[in-house]
Structures are given as C-alpha cells and as structure tokens.
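K.L.:
To convert, note that position 241 of the sequence shown is 241 in the numbering used here; the numbers rise steadily by one, no gaps.
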Amino acid sequence: MPVEPVELPLPGTRQPTIRLDYTHFSLLLDPERRLAAATAVNIDGARLVDVERGDDWHLDPRVDESEQAGGELYARNDLDRGHLVRRRDPVWGPDAERANRDTFVYTNAAPQAAQFNQSKELWSGLEDYVLANAETFDRRLSVFTGPIFGDDDPTYRGVRIPRLFYKVAAWANERGIEAAGYILDQRPQLDDIDLATATALAVGDPPPLGPFRTFQVPIGDIAALAGLSIDALVDADVHATQTSWLLMTQRSEILLQR
C-alpha cells in the first residue's frame, strides 16, 4: 500500500529555518541554535540494505559554518554526535550508499550524552523499535525527529544543549494514516547545569548530562512543545486519548513547589 505524503513539520522558531534535502530525508536547520529543529525521513522496510557504517562526519557546504555545530562541539568529551535521522533509516533502494553518507552530515547531529544515545532503554532502543517495526512487517514509515528547544537550555561550547527530544512515526494501513509520538526527557539532572558547565569547562570536561526518561505521549503535546505544524499527524494519533504528558508534567511541578 503506498504511503500518503506527509507534510514536513514547520517549527515555530524565532529565527527562520533552512530546509536541507538529502537522500530519502530532509531537515529544517535553525541557524541560531546551529542544530536541526526538525527532521523527516521515509523508511521503506522492504527495501532496506545493509551498508558499512563508516564515520565520515562533515559539514554541509550549502550552509555557513557559523550556522551549524561541527566537530568542535563533540571533541574530548562524552557527548555523542547523536543522529536525528538514524543512519539505517534512509538506507534503502539503489541510493542506499549515498543515503548512508548523507546521514553523517553535522546538520543531522545533536549533542547527546553517550549514555542516552547508546542505551537500549533510551534513544538507541527507541530507534531500534521503530526500524524493527518497518523491517519486520515490510512497512513504509515516515519518521519525524528533533530536539525541543527551550530558552533556558544550558550552553556548552557556544551551543545550547537541548533537554528534550521528540520522535513521531507515521504509517498507512487500511484505516488510513496512523501515528505515534514519543518524548525523551533529560531534564532531571540538568537543573544546575549552568554552574556545572562552568566548573566542567574549567577542568576541560563536559557538563554532567545524567539520567533520562522516555514517554509515549499525545502528538498534540509534541506539536505544542516543539512548535510544529503537524495537524495531520495529531489527527492520526493512535494514543491521542491517553493522559497528556504536559498535564502530568504540570502536576509534578505543582507538587514539587508545595
């Protein structure tokens, strides 16, 4: 069954975004934050190809170097260059090799603590879950991923480190388009990050990015938090009736203030 086209989400950032198209995926770069605000990839589970990983991270020559976070952000610390579009997701069909190379562009990277990026219970586990669904059932998926920017995100080496990340997967079946959304939360250990960053930088260490939490949430919450225009996916959400993550967070904050 062919997948209906899904509109690339347009984040409500204060600065204009730059759309960059790659092989089987696109992203919207926020030049002020120097990171992608949103990415969108099409996965064809029946045509996935095994390609050697490689590690050729590179800047995108179409964008000024001052508008993208490069290798200096990730040098000599425990921050991973976390793929927003996972390396294997667009690696299908005759253009698989090119798609593999394209995922190693720095505009597709986000600073993530190694524990978060590589954990099977956290980011890596969620990526595996989504890709396995496409591969096992020969399913075509559209996956939208990005950070949720906050004005109070801690600054490290001139880049504000996102505390939240989202992922939304959409697929087609006999009922039409369905979708599910997730938020990954690293805020619990980052409340005092400004002081911790200054201390860490003084001795040449990264800031202490700590434990994380993962939530399956209504896509409407993700749209509200990230400022995304994804009405079609909000309407297609298979978990739309579950308790709002925003509401749960607000309740927790109220209890903590008492």
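Beta carbons are placed, not taken as given, at the ideal position from N, Cα and C, and that holds for glycine.
Whole angstroms are fine: how far does the CA of Leu228 sit from the CA of Gly181?
P.N.:
Indexing the sequence shown from 1 puts residue 181 at position 181. Indexing the sequence shown from 1 puts residue 228 at position 228. Spanning the two alpha carbons is a distance of roughly 13 Å.
K.L.:
What residue does the beta strand (DSSP E) around Leu27 start on, and which one ends it?
P.N.:
As a first step, residue 27 is located in the sequence shown; it is residue number 27 there, counting from the start. Where Leu27 is concerned, the enclosing beta strand (DSSP E) stretches over Phe25 to Asp30.
K.L.:
To which residues of the same chain is Asp44 closer than 7 Å at the C-beta, ignoring the five residues directly before and after it?
P.N.:
As a first step, residue 44 must be located in the sequence shown, where it is residue number 44. Cβ neighbours of Asp44 beyond the five flanking positions: Trp92, Gly93 and Arg140.
K.L.:
Using a 10 Å radius around the Cβ and a threshold of 16 neighbouring Cβ atoms, would you call Ser142 buried or exposed?
P.N.:
For the purposes of this step, residue 142 is taken as the residue at position 142 of the sequence shown. Counting Cβ neighbours within 10 Å, Ser142 comes out buried, since at least 16 surround it.
K.L.:
Is the stretch 51-69 touching the stretch 97-106, taking contact as three or more C-beta pairs under 8 Å?
P.N.:
With the cut-off at 8 Å, the stretch 51-69 and the stretch 97-106 touch.
K.L.:
Give the DSSP-derived three-state secondary structure of Asn100 in the structure shown.
P.N.:
For the purposes of this step, residue 100 is taken as the residue at position 100 of the sequence shown. DSSP places Asn100 in helix when its eight states are reduced to three.
K.L.:
Classify Leu163 as buried or exposed, calling it buried when 16 or more other Cβ atoms lie within 10 Å of its own Cβ.
P.N.:
Sequence index remark: in the sequence shown, residue 163 carries index 163 (1-based). In the sequence on display, residue 163 carries Arg and not Leu. Its Cβ being crowded by 16 or more others within 10 Å, Arg163 is buried.
K.L.:
Taking the DSSP output, what are the residues bridged to Gly70?
P.N.:
The residue given as residue 70 occupies position 70 in the sequence shown. Bridge partners of Gly70: none, in fact.
K.L.:
What residue range is occupied by the uninterrupted alpha helix (DSSP H) comprising Tyr220?
P.N.:
For the purposes of this step, residue 220 is taken as residue 220 along the sequence shown, with counting starting at 1. The identity of residue 220 in the sequence shown is Gly, whereas the question assumes Tyr. Counting along the chain, the alpha helix (DSSP H) containing Gly220 begins and ends at Ile219 to Ala226.
K.L.:
Just checking my contact of Phe215 with Ile177 at CB under 8 Å: how many whole Å lie between their CB atoms?
P.N.:
Working through the sequence shown from its first residue, we reach residue 215 at position 215. Working through the sequence shown from its first residue, we reach residue 177 at position 177. Phe215 to Ile177, Cβ: 22 Å. No contact.
K.L.:
Going by the CB atoms, is the gap between Val159 and Leu233 shorter than 8 Å?
P.N.:
Translated into the one-based positions of the sequence shown, residue 233 becomes position 233. Translated into the one-based positions of the sequence shown, residue 159 becomes position 159. Their beta carbons are not under 8 Å apart, which means Leu233 does not touch Val159 by this criterion.
K.L.:
Using the Cβ count rule (16 or more neighbours within 10 Å means buried), how would you classify Pro154?
P.N.:
The residue given as residue 154 occupies position 154 in the sequence shown. With 16 or more Cβ atoms within 10 Å of its Cβ, Pro154 is classed as buried.
K.L.:
In terms of alpha-carbon separation, which member of Ala179, Leu20 and Ala240 lies closest to Asn108?
P.N.:
The residue labelled residue 108 in the question sits at position 108 within the sequence shown. If we check each option's Cα against that of Asn108, Leu20 comes out closest.
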